[in-house]
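Those protein sequences? They're chains A and B, same order as listed. Be aware that the first sequence starts at 12, since it is given in this note's numbering, and climbs by one per residue. Be aware that the second sequence starts at 77, since it is given in this note's numbering, and climbs by one per residue.
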Amino acid sequence: MNEPWRYPPSVPASRVANWWRRRRAERKRLAYASARFDLRWARWLLTLSVPLTAANFLRSHPALDWTAAVGTGVFAVLLCLYFGWLLFGRLQCSLLELLVLVGFLGHVEGLVLTTPRLASMSPGSWALAPLLAGWVLYGAVVTLAQARILALERPVPRLLLLAANWLVLATPALIVAGVLLRCGGQFEAMVSPDMAAWSTPLLAAGGVGCVLFVWLSVTTRRSAREIFGLVRRKGHSGDTPKGASSDAAPRDPMDARLCPRRPADVHP
Amino acid sequence: MVPSGPQTAPPAPDPREALAAWYLRRRHRGVWLLPLTAALVVFVGLLFLRGMAGDPQTNLRASRAALLALVPPDVPTGENAADDYALADKARVAYVQAPGSLHPYDSPKADSSRFDNPAVQTHVANNAAAIQHLYAGAAKTRCNWGVDYSLGYARPGYLSQQDDNTWLLCVHARVAAHAGDHKAAAKSCEASYKLAEHVSATPLLYCANRFSTHVECADNVVQSIVTWDTPTTLDDLAVYRKAVRQRRDPQAMAARILAGDKAFGLYTVDAVAAGAIRPRGLTESLDRLAPGKGASLLYGSERQSLRAVIDEMAASVSRGEWLTRAQARDLVARHQTGPATLALEAMSAYAWNFESFAQSEERARTIDAGLAFLQFRVTYGRDAKLLDELVPKFLAAVPTGVFHAAPLRLTVDPRGVARTDLSTGKQSWYNSGTIRIYALGPNGKDDKGYSRDGDDGHFSQHPSDDTVFRVPPMKTSAPGEKTPGKPHRVLPHEKTSAPAEKTP
Numbered sequence: 012m013n014e015p016w017r018y019p020p021s022v023p024a025s026r027v028a029n030w031w032r033r034r035r036a037e038r039k040r041l042a043y044a045s046a047r048f049d050l051r052w053a054r055w056l057l058t059l060s061v062p063l064t065a066a067n068f069l070r071s072h073p074a075l076d077w078t079a080a081v082g083t084g085v086f087a088v089l090l091c092l093y094f095g096w097l098l099f100g101r102l103q104c105s106l107l108e109l110l111v112l113v114g115f116l117g118h119v120e121g122l123v124l125t126t127p128r129l130a131s132m133s134p135g136s137w138a139l140a141p142l143l144a145g146w147v148l149y150g151a152v153v154t155l156a157q158a159r160i161l162a163l164e165r166p167v168p169r170l171l172l173l174a175a176n177w178l179v180l181a182t183p184a185l186i187v188a189g190v191l192l193r194c195g196g197q198f199e200a201m202v203s204p205d206m207a208a209w210s211t212p213l214l215a216a217g218g219v220g221c222v223l224f225v226w227l228s229v230t231t232r233r234s235a236r237e238i239f240g241l242v243r244r245k246g247h248s249g250d251t252p253k254g255a256s257s258d259a260a261p262r263d264p265m266d267a268r269l270c271p272r273r274p275a276d277v278h279p
Numbered sequence: 077m078v079p080s081g082p083q084t085a086p087p088a089p090d091p092r093e094a095l096a097a098w099y100l101r102r103r104h105r106g107v108w109l110l111p112l113t114a115a116l117v118v119f120v121g122l123l124f125l126r127g128m129a130g131d132p133q134t135n136l137r138a139s140r141a142a143l144l145a146l147v148p149p150d151v152p153t154g155e156n157a158a159d160d161y162a163l164a165d166k167a168r169v170a171y172v173q174a175p176g177s178l179h180p181y182d183s184p185k186a187d188s189s190r191f192d193n194p195a196v197q198t199h200v201a202n203n204a205a206a207i208q209h210l211y212a213g214a215a216k217t218r219c220n221w222g223v224d225y226s227l228g229y230a231r232p233g234y235l236s237q238q239d240d241n242t243w244l245l246c247v248h249a250r251v252a253a254h255a256g257d258h259k260a261a262a263k264s265c266e267a268s269y270k271l272a273e274h275v276s277a278t279p280l281l282y283c284a285n286r287f288s289t290h291v292e293c294a295d296n297v298v299q300s301i302v303t304w305d306t307p308t309t310l311d312d313l314a315v316y317r318k319a320v321r322q323r324r325d326p327q328a329m330a331a332r333i334l335a336g337d338k339a340f341g342l343y344t345v346d347a348v349a350a351g352a353i354r355p356r357g358l359t360e361s362l363d364r365l366a367p368g369k370g371a372s373l374l375y376g377s378e379r380q381s382l383r384a385v386i387d388e389m390a391a392s393v394s395r396g397e398w399l400t401r402a403q404a405r406d407l408v409a410r411h412q413t414g415p416a417t418l419a420l421e422a423m424s425a426y427a428w429n430f431e432s433f434a435q436s437e438e439r440a441r442t443i444d445a446g447l448a449f450l451q452f453r454v455t456y457g458r459d460a461k462l463l464d465e466l467v468p469k470f471l472a473a474v475p476t477g478v479f480h481a482a483p484l485r486l487t488v489d490p491r492g493v494a495r496t497d498l499s500t501g502k503q504s505w506y507n508s509g510t511i512r513i514y515a516l517g518p519n520g521k522d523d524k525g526y527s528r529d530g531d532d533g534h535f536s537q538h539p540s541d542d543t544v545f546r547v548p549p550m551k552t553s554a555p556g557e558k559t560p561g562k563p564h565r566v567l568p569h570e571k572t573s574a575p576a577e578k579t580p
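Set out below in structure tokens:
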């Protein structure tokens, strides 16, 4: 009964209990399966360093400044490591995608690193460059994952998907920036009329990002659930994972890269 | 439950399952999105600001040179008025204030009975040496306060001392006029005007602001002397007219202050952003532009907007146009390329102070016309019906206002002048038939000679802003004495506060 990939048997007495037990089993199964792909130590360190970055908003003491700088720096470097490792260690992108990726990363980093007085902003301002690199890599990893899940092979749709994912990841920032400029227009000392006029395009881009996020999430998650066998099919009893047999999945040269065999595959 | 049986292998994994599972399981990534979003917001801000970010070290060299060009030349020891003012400051004896009594410096416009107080008279007598030093300083034309310009925009230390020196001269003028010595009173008034001019020698808005305050204080003293201790000889009136006719020239003053403030302001912004100095006093808000502060990227837009709006304001001043505060805000909005807090604060202060300069000149014209009106009265034993009657014997021409070129006007107010009892706050009216000689003021409307000050009984809540000099009628009345006649008009705020009539 300690096999996480196996659904618990149905209990006729309670539908809610059944739903909860099924959900918990799914979670366990997802965790178990994704462990083969993930870089768990980096994921946990990343999450643990997030609270330290909150010190950026408490700029009242030099010690807090340095805490923010160290926390943000650690987070940024780990973000690059995590997604860089997933991108180059687990996934494989085409040459064209690599070209676009490097070009976009170079533009973003160039804009940041050539900004005058950036270094004098605060001790943590240097962390902006790796953070943006993390954003670019994050978008690339999500794109390759989605392309593989959706079985997208043609280059143009994959490039569009790449751009869409960068936009989707930047959507909260675009909306926040747009709202700040829209509201900041009332504080005429801080926001010039020209800057305030940018709030509409930013909010519009944020809106497009929201739509793309919903669309990509729905389609990709549905496909992922189908691959993972979480979609209920008619006439299935429910005691075993549905469609989760190795025979159902097509073989691919990339499969060994996605899911290397390890001794730990034999579960205790 | 711990499995006790033999180890069992999971179903053979679909390699794409791992990827799908990773994609579906996104809780950690949701948390990472928070700092990533903050970084992207900063990135968006960076895209807006990076185009105007400048190098403070490069700008600092140019702005330091521009500032040092303003440093006044050294003045030989015997010719420097600042030395006499320093001696006066040392010789000045503080007023011993009785408990519950008012300080005479707080009420230079009070009625003359205040200056009968022996404590006030003793104070003036004890400060005779200080007053002589102030006279000696006022007689000199050159004044170098020795301000260290390299410290940037900061309030000069001498200003508060000169405030006290001005109040002392004003109180001395009131005491002397009440004693009938109008020549000594006029001399103190003249010294006050000269001291105000010397205070503004440093081309900073701080100093110009004190200039306006000192000149207004001296103007109020002349008005109070005419109201309470009216000079009755042509000679006395002539010395007052000579004292009031100091050079004020608001346009030149505004141009000088703008040039000085631009040099001081840009140097201070550059030096703070380059980490060369730490801001002091009222400019501490600049500290956010210093290196290591989060807002240091705003330096470029702040500097650019400050320079542009000062240049345009200087151009409008040279054309003789006085910007209102609303127009000053529009000016900032026109030149703003990003955050412009410094420019907005500065423009608001400039507009307010430049209005004060212009009003000061307008006040000088009305006082001069009022004193000429009194000279006419002393000469002919009657009042002039129109200001035209004073031309050409007492006035070369009827003066005009500064804000609007309309000639000064004259009206007789049957209500008189308000007096507020400072201890009880009650108002009483006296001097029915007061003659008001007035200009239209900044709003350009004829408010029948009513100004914003408390002598017209409605303080600042009423929109009247005429610049007025009040000449007492030939037959004066004491405060509290019932004045004949009715007010020539009822002010809006009085309509609401008037008690309702009883109906049978």
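Ideal placement from N, C-alpha and C gives every residue a C-beta, glycine not left out.
| Item | Value |
| --- | --- |
| Taking C-alpha atoms, which residue in B:Ala206, B:Gly509 and B:Asp522 lies nearest to Thr543 of chain B? | B:Asp522 |
| Can you give me the start and stop residues for the alpha helix (DSSP H) that Gln157 of chain A sits inside? | Leu139 to Leu161 |
| Taking all protein chains shown into account, do 16 or more other C-beta atoms lie within 10 angstroms of the C-beta of Pro204 of chain A, making it buried, or fewer, making it exposed? | exposed |
| If you run the structure through DSSP and keep just helix, strand and coil, what is Ile353 of chain B? | coil |
| If we ignore side chains and look at the alpha-carbon of each, how far apart do Ala252 of chain B and Gly517 of chain B end up? | 32 Å |
| Can you confirm whether Leu106 of chain A, when its beta carbon is compared against all beta carbons of chain B, has any partner nearer than 8 Å? | no |
| Counting only beta-carbon atoms, is Asp131 of chain B nearer than 8 Å to chain A? | yes |
| Would you mind reading off the limits of the beta strand (DSSP E) that contains Arg546 of chain B? | Thr543 to Val547 |
| Is Ala249 of chain B helix, strand or coil when you go by DSSP? | helix |
| Less than 8 Å between the C-beta atoms of Gln238 of chain B and Arg286 of chain B, yes or no? | yes |
| Please report the distance separating the alpha-carbon of Ile511 of chain B from that of Ser527 of chain B. | 14 Å |
| Whether or not the stretch 179-195 of chain B and the stretch 116-129 of chain B are in contact is what I'm after, with contact meaning three or more pairs of Cβ atoms, one per stretch, closer than 8 Å; do they touch? | no |
| List the endpoints of the continuous beta strand (DSSP E) containing Ala366 of chain B. | It is not in any beta strand (DSSP E) - Ala366 of chain B carries neither H nor E in the DSSP assignment. |
| By Cβ distance, which residues of its chain are closer than 6 Å to Gly254 of chain A, with the 5 residues on each side in sequence left out? | In this prediction, Gly254 of chain A scores a pLDDT of 43, lower than 50, which makes its location untrustworthy; no coordinate-derived value is stated. |
| Identify the contact partners of Gly409 of chain B in chain A, using a Cβ-Cβ distance below 8 Å as the criterion. | Reading off the sequence, residue 409 of chain B comes out as Ala, not Gly. Simply Glu199, Ser203 and Pro204. |
| Can you confirm whether the stretch 362-372 of chain B touches the stretch 124-142 of chain A when touching is taken to mean that 3 or more C-beta pairs between the two stretches lie within less than 8 Å? | yes |
| Between which two residues does the beta strand (DSSP E) containing Asp305 of chain B stretch? | Here Asp305 of chain B belongs to no beta strand (DSSP E), and DSSP marks it neither H nor E. |
| Going by alpha carbons, who is nearest to Arg356 of chain B out of B:Thr113, B:Ser189, B:Leu227 and B:Gly130? | B:Leu227 |
| Under 8 Å, do Ala434 of chain B and Pro475 of chain B count as touching if we go by C-beta distance? | no |
| If we define contact as Cβ-Cβ less than 8 Å, is Val345 of chain B a contact residue for chain A? | no |
| Apart from the five residues just before and just after Leu92 of chain A, which ones in its own chain have a Cβ nearer than 7 Å to its Cβ? | Ala53 |
| Count the C-beta pairs between the stretch 293-308 of chain B and the stretch 97-107 of chain B that are closer than 8 Å, then say yes if the count reaches three, no if not. | no |
| Closest by CA to Thr413 of chain B, which one among B:Ser377, B:Ala267 and B:Ala294? | B:Ser377 |
| Kindly say whether Phe86 of chain A, judged by its beta-carbon, lies nearer than 8 Å to any beta-carbon of chain B. | yes |
| Are Leu462 of chain B and Val547 of chain B closer than 8 Å when you measure CB to CB? | no |
| Can the beta-carbon of Tyr282 of chain B be found closer than 8 Å to that of Arg231 of chain B? | yes |
| Looking at the unbroken beta strand (DSSP E) that takes in Thr487 of chain B, where does it start and where does it end? | Arg485 to Asp489 |
| Just to make sure I have the definition right: I need the residues of chain A whose C-beta is within less than 7 Å of the C-beta of Pro415 of chain B. Which are they? | Ala200 and Met201 |
| Is Gln503 of chain B helix, strand or coil by DSSP? | strand |
| By alpha-carbon positions, which one of B:Gly509, B:Glu465 and B:Val117 ends up nearest to Leu191 of chain A? | B:Val117 |
| Going by CA-CA distance only, name the one from A:Ala46, A:Val113 and A:Ala140 that's closest to Gly84 of chain A. | A:Ala140 |
| Consult DSSP for Thr476 of chain B and reduce its assignment to one of helix, strand or coil. | strand |
| Listing by chain order, which chain A residues have their CB less than 9 Å from the CB of Thr400 of chain B? | Those do not exist, as Thr400 of chain B stays about 16 Å from chain A at its closest Cβ, beyond 9 Å. |
| Below 9 Å on C-beta distance, what does Pro166 of chain A contact in chain B? | Per Cβ cutoff of 9 Å: no residues; Pro166 of chain A is ~20 Å from chain B at best. |
| Across which residues does DSSP place Tyr514 of chain B in a beta bridge pair? | B:Arg485 and B:Val544 |
| Run through chain A and tell me which residues come within less than 7 Å of Glu465 of chain B, C-beta to C-beta. | Correct list: empty, because the minimum Cβ distance to chain A is about 51 Å. |
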